[in-house]
Amino acid sequence: SKFEGEGMIFRAKLIGSEIVPEARGDKMCQETIQKLKAIVKVSKEHKQKINVNVSLEGLKILDQATGNVEHTHEVHRISFISRDVTDSRAFGYVYGPGDGSHKFFAIKTEKAAEALVLSLRDLFQVVYDLKKKEVEEAKKQQDPN
Numbered sequence: 001s002k003f004e005g006e007g008m009i010f011r012a013k014l015i016g017s018e019i020v021p022e023a024r025g026d027k028m029c030q031e032t033i034q035k036l037k038a039i040v041k042v043s044k045e046h047k048q049k050i051n052v053n054v055s056l057e058g059l060k061i062l063d064q065a066t067g068n069v070e071h072t073h074e075v076h077r078i079s080f081i082s083r084d085v086t087d088s089r090a091f092g093y094v095y096g097p098g099d100g101s102h103k104f105f106a107i108k109t110e111k112a113a114e115a116l117v118l119s120l121r122d123l124f125q126v127v128y129d130l131k132k133k134e135v136e137e138a139k140k141q142q143d144p145n
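With the UniProt record's numbering, letter number 89 in the sequence shown gets 89, and the count goes up by one each step, no holes.
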């Protein structure tokens with residue numbers, strides 16, 4: 001699969017991230033992405049250039065200049081993906097580190113965000129199928145009949 005090993009890499013910019021109250025919700029995500037874009041505009045600072053690495057390990061955000069991994073988000077901890085309705089090159093997702101909190105990450109892609117969003121959807125399906133297979137294999141070993 002295209003997600004094995006290094007996986008796929010997309011060039012992008014990090015708009016920002018913020019703690020959000022819910023694990024999912026389009027309205028919440030749209031409001032948060034607009035808020036983060038407004039903060040960037042006011043600050044006059046350049047958005048951080050990043051590479052988004054999509055692999056079986058999940059989503060990694062790497063600094064384009066240094067190559068340092070800034071964030072690693074496992075697939076099973078990403079609860080929601082939302083496209084920016086006002087900008088085809090922007091999207092965001094909600095990540096839960098496992099402590100009950102949720103953080104929204106807003107990203108602007110170099111090309112249309114669609115390719116990255118579709119890759120994430122494919123990745124979720126691949127990971128789901130692998131997990132299902134693991135469970136079935138485990139059941140077979142427990143029940144040899």
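C-beta atoms are modelled at their ideal positions from N, C-alpha and C, and glycine is treated no differently.
| query | result |
| --- | --- |
| Going by CA-CA distance only, name the one from Asn-51, Leu-59, Gly-16 and His-76 that's closest to Ser-43. | Gly-16 |
| For Phe-3 and Asp-84, what's the separation of their Cα atoms in angstroms? | 25 angstroms |
| Could you tell me the distance, in whole angstroms, from the CA atom of Glu-114 to the CA atom of Asp-129? | 22 angstroms |
| Would you kindly work out how many angstroms separate the C-alpha atoms of residue 146 and Phe-124, rounded to a whole number? | Absent from the structure is residue 146, since the part of the chain shown begins at 1 and ends at 145. |
| What did DSSP end up calling Glu-18 once you bin it into helix, strand or coil? | strand |
| So who's on the other strand from Tyr-93, going by DSSP bridges? | Ile-81 and Phe-105 |
| Considering just the uninterrupted stretch of the beta strand (DSSP E) at Asp-129, what are its terminal residues? | Here Asp-129 belongs to no beta strand (DSSP E); instead the alpha helix (DSSP H) covers 114-142. |
| Return the chain-ordered list of same chain residues with a C-beta closer than 6 angstroms to the C-beta of Ile-33, the five sequence neighbours on each side being excluded. | Asp-84, Gly-92 and Ala-106 |
| Would you mind working out which of Val-52, Val-127 and Glu-45 sits nearest Thr-109, comparing C-alpha positions? | Val-52 |
| Helix, strand or coil: how does DSSP classify Thr-86 here? | coil |
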